[in-house]
Amino acid sequence: VAIRLATGSATVATISAAGLVAPLAADMSTAHAALLVLAVGAGSLFFSHVNDAGFWLVKEYFGMDVGQTVKT
């Protein structure tokens with residue numbers, strides 16, 4: 008989540024977090040590795056703001072203004 012907030016990019020956050028936790032996943036069971044993948048993915052979806060393309064897609068798709076989209 009910290010990388011997501013700092014960069015504003017879900018893609019950068021996912022790739023960076025995956026690189027940071029990859030050494031930890033080597034010793035994990037398959038189930039734990041799957042949970043780690045879900046955690047990385049969920050963390051990248053947290054707090055979309057105005058410099059993220061997904062923010063603008065949601066805004067346009069639902070016909071909201073910027074203020075409404077930030078509140079969602």
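Residue numbers for the sequence shown follow my numbering, so the first one is 8 and each next one is one higher.
Cβ coordinates follow ideal geometry from the N, Cα and C atoms, glycine included.
Asked: Inter-residue spacing [alpha-carbon to alpha-carbon] between Val24 and Ala41; Found: Rather than Val, the amino acid found at residue 24 in this sequence is Ala. Ala24 and Ala41: Cα-Cα distance of roughly 14 Å.
Asked: Assigned secondary structure, Gly74 (DSSP; H/G/I helix, E/B strand, else coil); Found: helix
Asked: Beta-carbon proximity list for Val8, same chain, < 7 Å, skipping 5 on both sides; Found: Gly50, Phe53
Asked: Distance between Arg11 and Thr37 (C-alpha atoms, nearest Å); Found: 26 Å
Asked: Leu52 - containing alpha helix (DSSP H), residue span; Found: Taken as a continuous stretch (DSSP letters only), Leu52 belongs to no alpha helix (DSSP H), as it is neither H nor E.
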